[in-house]
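Trainee:
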Amino acid sequence: MRKAEVFVTLKPVVNDPQGLTIRSGLHALGFDKVTDVRSGKYLLVTLDEPDAAKARQQVEEMARQLLANEVIEDYRITMLQGGGL
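Here the sequence shown stands for residues 1 to 85, where the numbers follow the numbering used here.
1. Could you tell me if Ala4 is buried or exposed, where buried requires 16 or more neighbouring beta carbons within 10 angstroms of its beta carbon?
2. Relative to the C-alpha of Val34, which candidate in Gly19, Leu47, Gly40, Val45 has its C-alpha closest?
3. Quick one: give me the first and last residue of the alpha helix (DSSP H) that Arg56 is part of.
4. Kindly identify the DSSP beta-bridge partner or partners of Arg76.
5. With DSSP as the reference, please indicate the residues paired to Val45 in a beta bridge.
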């Protein structure tokens, strides 16, 4: 079994209304030093693939085809050692 963490975030040039709302909430709570908050998605994908390179390739394909909208989002994949978590 292989596990991969996929982090999906809006591209820096894309407005992040959720991040702005969170920042406003933090300011209301007294965290005035917060200058920016960007929100995103975290996905943990488990694959029944013994080959590490093939597992990575499959997760890349998943991210490109479904997990991230590459027009407005960036993604980062971290393959976890030993199946992770």
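Quick reminder that beta carbons are idealized off the backbone N, C-alpha and C, glycines included.
Here the structure is a predicted model, which is why all the values come from computation and not from measurement.
Mentor: Inspection of the coordinates gives the following:
1. buried
2. Gly19
3. Here the alpha helix (DSSP H) through Arg56 covers 52-62.
4. Phe7
5. Ala4
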